[in-house]
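First residue of the sequence shown? That's 249 in our numbering, and the numbers climb one at a time after it. Structure record follows, encoded as structure tokens.
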Amino acid sequence: MLYKLPVSVLVVIYTVNFEVLLLERADHPGFWQSVTGSIDDGESLCETAVREVFEETGLDANHYPLVDWQTQNIYEIYAKWQHRYALGTQHNTEHVFGLELPCELPVKLSPREHLSYKWLPWQEAAGQVFSPSNREAILQLPERAEGRNRP
């Protein structure tokens, strides 16, 4: 069995008006999140972000500003997902990226991963995600979007 590497990306996809894209997990209906995914062996963090955005949304992140927010979150892997990692792996290091789109775009979901999607104002989106690190990243969005004022 191939195990996931305990290094991942979190990509907050948002519009210039700070509408944030959230995805509902297929394996846990009612759990909303931004794009996430583990790095593949030999892949850079940026390559992982681009790949995960495409796999989960059908959007090509190469066509929009993708910024590494230079933020890392280390967290304990949830027990329900421990089986995906090598025995003894307890923690994951998540690297946060932002992807700015000009407007809300239609998304092509991977039905294996997500049931639905929605665009929400950033404050509302922060209240809907289940992950504390995802919530914190969304709350930082206005400060991270350089040269822009809060809507």
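All C-beta atoms in this analysis are idealised placements derived from N, C-alpha and C, irrespective of residue type, glycine included.
Tell me whether residue i sits in a helix, a strand or coil according to DSSP, three-state version.
| i | result |
| --- | --- |
| Leu387 | helix |
| Gly346 | strand |
| Gly278 | coil |
| Val259 | strand |
| Gln318 | strand |
Out of the options, which has the shortest C-alpha to C-alpha gap to residue i?
| i | options | result |
| --- | --- | --- |
| Ile261 | Ser381, Leu349 and Ser358 | Leu349 |
| Thr319 | Lys252, Leu253, Tyr251 and Val257 | Val257 |
| Asp289 | Leu250, Val344, Gln330 and His331 | Leu250 |
| Tyr312 | Pro390, Lys252 and Gly346 | Gly346 |
Does the separation of the CB atoms of residue i and residue j fall below 8 angstroms?
| i | j | result |
| --- | --- | --- |
| Leu353 | Glu272 | no |
| Thr341 | Ile325 | no |
| Trp367 | Glu267 | yes |
| Leu293 | Val355 | no |
| Tyr333 | Pro254 | yes |
Classify residue i as buried or exposed, calling it buried when 16 or more other Cβ atoms lie within 10 Å of its own Cβ.
| i | result |
| --- | --- |
| Val264 | exposed |
| Glu300 | buried |
| Ser358 | exposed |
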